[in-house]
Amino acid sequence: MDAPTQKSRASRATHVSGTNGAEPKLRAKTRSSKSDNDGAPPVQARSGAVRPEITDPTGQVQNVGLDQLLTEAASAESRFVPGAEFLKAAGGLALRPRLLAGQTATVAADLARVIAGRSGRTPPKGDSRFRDPAWTQSWLFRRICQGYLSISDYARALADESGLDWADHERLRLVVDNLIDALAPTNFPLTNPTVWKTTIDRGGENFVTGARAAVRDARSPIKLPASVDPTPFEVGKTMAASPGAVVRRDDRFELIQYEPRTEQVHKVPVLLIPPMISKFYVVDLSPGKSMVEFLGDHGLQPFALSWANPTRDDAGWNLEDYLESIVEAIETTREIAGADAVHVVAFCAGGIATTTAVAHLAALGHIDRVASLSLMVTVLDVRRGGPILSIASPDIAKAAKAKIKRKGYLAGTELARTFAWLRPNDMVWNNFVNNYYLGNKPPALDLLFWNLDSMNMPAGLHADLVDLALANPLANPGALRVLGTPIDLAQITCDAYIAAGETDHLTPWPSCYRSIEMLGGKTRFALSTSGHIAAVIHPPGNPKSAYRIGDESCPTPEEWLRSAQVHKGTWWQDWAPWLAERAGEKAKAPDRLGNSRYTPLDPAPGTYVFKQSHG
Numbered sequence: 011m012d013a014p015t016q017k018s019r020a021s022r023a024t025h026v027s028g029t030n031g032a033e034p035k036l037r038a039k040t041r042s043s044k045s046d047n048d049g050a051p052p053v054q055a056r057s058g059a060v061r062p063e064i065t066d067p068t069g070q071v072q073n074v075g076l077d078q079l080l081t082e083a084a085s086a087e088s089r090f091v092p093g094a095e096f097l098k099a100a101g102g103l104a105l106r107p108r109l110l111a112g113q114t115a116t117v118a119a120d121l122a123r124v125i126a127g128r129s130g131r132t133p134p135k136g137d138s139r140f141r142d143p144a145w146t147q148s149w150l151f152r153r154i155c156q157g158y159l160s161i162s163d164y165a166r167a168l169a170d171e172s173g174l175d176w177a178d179h180e181r182l183r184l185v186v187d188n189l190i191d192a193l194a195p196t197n198f199p200l201t202n203p204t205v206w207k208t209t210i211d212r213g214g215e216n217f218v219t220g221a222r223a224a225v226r227d228a229r230s231p232i233k234l235p236a237s238v239d240p241t242p243f244e245v246g247k248t249m250a251a252s253p254g255a256v257v258r259r260d261d262r263f264e265l266i267q268y269e270p271r272t273e274q275v276h277k278v279p280v281l282l283i284p285p286m287i288s289k290f291y292v293v294d295l296s297p298g299k300s301m302v303e304f305l306g307d308h309g310l311q312p313f314a315l316s317w318a319n320p321t322r323d324d325a326g327w328n329l330e331d332y333l334e335s336i337v338e339a340i341e342t343t344r345e346i347a348g349a350d351a352v353h354v355v356a357f358c359a360g361g362i363a364t365t366t367a368v369a370h371l372a373a374l375g376h377i378d379r380v381a382s383l384s385l386m387v388t389v390l391d392v393r394r395g396g397p398i399l400s401i402a403s404p405d406i407a408k409a410a411k412a413k414i415k416r417k418g419y420l421a422g423t424e425l426a427r428t429f430a431w432l433r434p435n436d437m438v439w440n441n442f443v444n445n446y447y448l449g450n451k452p453p454a455l456d457l458l459f460w461n462l463d464s465m466n467m468p469a470g471l472h473a474d475l476v477d478l479a480l481a482n483p484l485a486n487p488g489a490l491r492v493l494g495t496p497i498d499l500a501q502i503t504c505d506a507y508i509a510a511g512e513t514d515h516l517t518p519w520p521s522c523y524r525s526i527e528m529l530g531g532k533t534r535f536a537l538s539t540s541g542h543i544a545a546v547i548h549p550p551g552n553p554k555s556a557y558r559i560g561d562e563s564c565p566t567p568e569e570w571l572r573s574a575q576v577h578k579g580t581w582w583q584d585w586a587p588w589l590a591e592r593a594g595e596k597a598k599a600p601d602r603l604g605n606s607r608y609t610p611l612d613p614a615p616g617t618y619v620f621k622q623s624h625g
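The sequence shown begins at 11 in the working numbering and counts up one residue at a time.
Below, the structure written as structure tokens:
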């Protein structure tokens, strides 16, 4: 970063209170925790805070939210039924009669060309729904496809030109897009040429097989068409199979240390922190796709934090509890490795919590304990953070918190269902057609298997994340206080590596890019060609893989995109050497895991990873 930017950040760090300078009070709490191999240095005393303190310096609530906490917002009602934003859109279009008339005339003319066979419309490139040649070669199916595309464009154009503010527009577009996707001709057997061909070839047996699959899926916790064949996968054998051991365990997490893969290793270890609602083994998928394996092959010492799967009894676990766990994991990793600092790596919601925990360490004067901070698909400033980030209006957020509080936790199956409906074509309708109409098995993909192996979210954490989403305090130095310290991300002066996905539907890369201006150190930004989690778990080997890379901060994401260099391969190949440069000299790899204080408890992948979510 240039000097003026750093100076500006330094001046902002002094403002740690709200608009009136008063510091809101914290509610009292006590923490009860059982621990194996406990004894890490204590976290900063908290005077018993039960919830993080958030001050909104603008005095206003913003209509945005975090992806993990918009669970009830993505229910069937909000998915397909317009709310108040529909009335606002209708009013906006009524005030623009010429615009409405123009759009209507355009679609009418387009449909006339479709009927006459003179339309040049073709399905978008890469839209797998229309890959059957009949959609372009058959006079009937070509017209059906073209008519659908024309009406879809008309509906989206009306939504886009209705004059709504960003949040209302995104909510309306979510409903419009879901309706358009649901009404695609591919989703109905009579208007899907592939279904016709398959039915003729198999004598209708595909529908019999599909009916059995539908009954099976109706009994499943997620109650959606199966997206993956789980048969080839077994945690601890075909997945999460890297050798290692649990070296610390308490009621909230297990810390796993992995065996070295080279004779010499860098002194500074790497701690991998998943989202609080995800099983950790996304960083240790099947051999050849494991981040743990890849880092080990580059002479680094990987550790991984495995979260416990909370139940109703753990409803009180909140954000500060998870921040304490992250700090404790950092301290334990440092002690076992005998290092002064740790490379801290996190993604998605885990990145939000980890960044906050690192800022807490910085506020205590301990930023030197973090060698670097790597954030993958993480949005710290949630303004205009993507379609899902618009759903949680204050009323929806209040209702969601009340419902989850009554139950004690948000079931992982509900989260999985919500995320599936954010990509309905890929995660719902494609599987609906494949499984029920065509009678095929779903694909056997390790990443999809992990995606469905979901975890619960305790009510306390859910409420805190809702509050973070509405107030957006990380974007305002001092607006958030946790563990007794004000949070200013500019105090995170260690080097940072930020990675995002070009086609990410949950955490759009321009929103991830904004983190560069919030952190106080030098930042390197990598942009993968993949989507959300596929952007994180992107091992080498795919000849089509590419990424953009750049160190210099540009005023806008668009300017960065124009200036960044394009490389073939995966950003992992840039990131591992970047970590190694900051990981100290190499020394002989340790001949045993843990140390005298933290002795191995169980072999990797530990025990918490096997605990399933509750419905």
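Where is the CB? At the ideal position from N, CA and C, for every residue including glycine.
Reducing DSSP to helix, strand and coil, say where residue i ends up.
{"i": "F243", "result": "coil"}
{"i": "E338", "result": "helix"}
{"i": "W581", "result": "coil"}
{"i": "E180", "result": "helix"}
{"i": "W145", "result": "helix"}
{"i": "Q501", "result": "helix"}
{"i": "D463", "result": "coil"}
{"i": "K598", "result": "strand"}
{"i": "Q575", "result": "strand"}
{"i": "F198", "result": "coil"}
{"i": "V380", "result": "strand"}
To which residues of the same chain is residue i closer than 7 Å at the C-beta, ignoring the five residues directly before and after it?
{"i": "M11", "result": "Model confidence at M11 stands at a pLDDT of 36, short of 50, so the residue's coordinates are unreliable and nothing is read from them."}
{"i": "T423", "result": "P231, I232, S464, S623, G625"}
{"i": "R166", "result": "V186"}
{"i": "Q274", "result": "G309, K596, A597, K598, A599"}
{"i": "A224", "result": "Y446"}
Alpha carbons only, please: which of the options is nearest the one belonging to residue i?
{"i": "L374", "options": "R393, P253, V492, G360", "result": "V492"}
{"i": "L457", "options": "Y419, E180, H548", "result": "H548"}
{"i": "N319", "options": "P203, K289, Q113, N552", "result": "K289"}
{"i": "D561", "options": "D505, A479, A599", "result": "D505"}
{"i": "A251", "options": "G213, L234, Q274, G298", "result": "G298"}
{"i": "R128", "options": "E527, G157, T114, T342", "result": "G157"}
{"i": "D178", "options": "A119, P404, K417", "result": "P404"}
{"i": "A126", "options": "M528, G136, L150", "result": "L150"}
{"i": "F620", "options": "F263, T114, A599", "result": "F263"}
{"i": "N435", "options": "A614, P235, Y164", "result": "P235"}
{"i": "E215", "options": "L611, A545, K578, N450", "result": "N450"}
{"i": "P240", "options": "V443, A111, L455", "result": "L455"}
{"i": "W570", "options": "P133, S521, T209", "result": "S521"}
{"i": "L537", "options": "Y164, A509, Q147", "result": "A509"}
Checking 8 Å against the spacing of the C-beta atoms, do residue i and residue j come in under that value?
{"i": "Y507", "j": "P567", "result": "no"}
{"i": "V218", "j": "S160", "result": "no"}
{"i": "M467", "j": "I283", "result": "no"}
{"i": "A557", "j": "W581", "result": "Before going on, a small fix: residue 557 reads as Tyr here, not Ala. Yes, the Cβ-Cβ distance between Y557 and W581 is below 8 Å."}
{"i": "N197", "j": "W439", "result": "yes"}
{"i": "L529", "j": "I559", "result": "no"}
{"i": "V292", "j": "W460", "result": "yes"}
{"i": "T204", "j": "D137", "result": "no"}
{"i": "A325", "j": "G418", "result": "yes"}
{"i": "A169", "j": "R181", "result": "no"}
{"i": "S316", "j": "G616", "result": "yes"}
{"i": "G254", "j": "A614", "result": "yes"}
{"i": "I340", "j": "R379", "result": "yes"}
{"i": "I190", "j": "T366", "result": "no"}
Leaving out the 5 sequence neighbours to the left and right, which residues in its chain are closer than 6 Å to residue i when beta-carbon positions are compared?
{"i": "K415", "result": "A469"}
{"i": "N605", "result": "I346"}
{"i": "P195", "result": "I154, Y158, T201"}
{"i": "D294", "result": "A250, S252, S300, V302"}
{"i": "E87", "result": "Low per-residue confidence applies at E87: pLDDT is 46, beneath 50, and the placement is therefore not dependable, though the value from the model is reported in the following sentence. If we look at E87 and ignore the five residues flanking it on each side, it has no Cβ neighbours."}
{"i": "D612", "result": "V256"}
Using only the heavy atoms of the ligand GDP, determine whether one of them is closer than 7 Å to the beta carbon of residue i.
{"i": "L537", "result": "Absence of the ligand GDP is noted for the structure shown, with no ligands found whatsoever."}
Within its chain, find whatever has a CB closer than 8 Å to the CB of residue i; leave out the 5 residues flanking it on each side and keep chain order.
{"i": "R131", "result": "D120, V124, C155, Q156, L159, S160"}
Can you check whether the C-beta of residue i is within less than 8 Å of a C-beta belonging to chain C?
{"i": "R212", "result": "Absence of chain C from the displayed structure is noted, only one protein chain being present."}
Discussion item. Any contact between the segment 239-246 and the segment 588-604? By contact I mean 3 or more CB pairs, one from each, below 8 Å.
Written reply: The segment 239-246 makes no contact with the segment 588-604: fewer than 3 CB pairs, one atom from each, lie closer than 8 Å.
Worksheet item: Do the segment 346-353 and the segment 478-488 touch if we need at least three Cβ pairs shorter than 8 Å?
Response: no
Fill in: Segment contact, 8 Å Cβ cut-off, at least three pairs: the segment 384-392 with the segment 356-364
A contact is defined here as three or more CB-CB pairs under 8 Å, and the segment 384-392 meets this definition with respect to the segment 356-364.
Worksheet item: Are the segment 222-231 and the segment 263-275 touching by the rule of at least three beta carbon pairs closer than 8 Å?
Response: By the criterion of at least three beta-carbon pairs nearer than 8 Å, the segment 222-231 is not in contact with the segment 263-275.
Fill in: the segment 333-346 in contact with the segment 252-262 per 3-pair CB rule at 8 Å
yes
Worksheet item: Using 8 Å as the Cβ pair cut-off and three pairs as the minimum, do the segment 530-545 and the segment 512-519 touch?
Response: yes
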